[in-house]
Structure formats: C-alpha cells, structure tokens
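The UniProt record's numbering puts the first residue of the sequence shown at 1, with every later residue one more than the last.
Data block below; observations after.
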Amino acid sequence: MEFLRNYIDLIIFLILGIMAFIALWCVIERLLFFRKIDFKNYKNQEEFDNAISENLTAIYIIYSNAPYIGLLGTVVGIMVTFYEMGLAGNIDVKSIVIGLSLALKATALGLLVAIPTLIAYNALLRKISLLSSTYKANQND
C-alpha cells in the first residue's frame, strides 16, 4: 500500500498525459491532412473514406477511456485514505476530507483530457462527413 500511496498520482497523471499527447497529435495530424487533401488521388469512395477517417479510432479510445483512468486513480486514492485511517485507528474528519479531495483530482484530470478530446472527435467526424459528401458529389459530376 505504501507504493500506491507514493506513486498513484504520478502513474495516473503520466498515463493521462500520454493519452492527452496522443489525442492532440492525432487531431493535429488529421487537420493537416485535411488541408492538403486532393480528391484526384483516390480511386473510389471507400478508399477515400478510409484515408480521411484514419486515426479517429485512437481519438475515440482516448476520449472514452480517460474518465475511467481518472476514476481508477480516485478509487485507489480513496482506498489508500481508508487504509491509512485503519492503521491510525481513529476517524479524523480532517484527514478523511483531505484524502478524498486529493483522490478526486485524478477524476478531474481524466475529465479534463476526455472533454476536449470528445469535442475534437465530434468536430473531426463532422468534417469527415462533409469531405465524404463532397467527394461523392465530385464523382457524380
């Protein structure tokens, strides 16, 4: 339990930081790709749709799992708080409240990663839909 008490915040923050970096990288990569897209480079609608939707799965995975990573950090933080209370043998409201408030920062960080990633995912999904429709219209001309 000593290991968890000392390193749980670092581990959770590191995981969420990596997730945020990957999400940001994928979003920037997609935006740069959309800026230089050329409809003539694709043979058919399926090939075009596959190209424009690349990296969207990574963004989806990050936004859907970041809150759970944060929640895991919170649960472990609460477990550590209760464990330390059990070892101390007394119930001190101050230590409970401090321990719980510190544990909740992991959930807050998980949401801080998930919400902007969800917004970016939905914006990219809309852009992909528009590009796909434009490609289809250009093929029918």
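Beta carbons: idealized from backbone N, C-alpha and C, even for Gly.
Please read all numbers here as calculations on a predicted model, not as lab measurements.
- Taking all protein chains shown into account, I98 has fewer than 16 neighbouring C-beta atoms within 10 Å of its C-beta and is therefore exposed.
- By the Cβ-count criterion, L14 is exposed, with fewer than 16 other Cβ atoms from all chains shown falling within 10 Å of its own Cβ.
- Counting the other CB atoms within 10 Å of its CB gives G17 a total below 16, which places it among the exposed residues.
- DSSP places M85 inside the alpha helix (DSSP H), whose first and last residues are 56 to 88.
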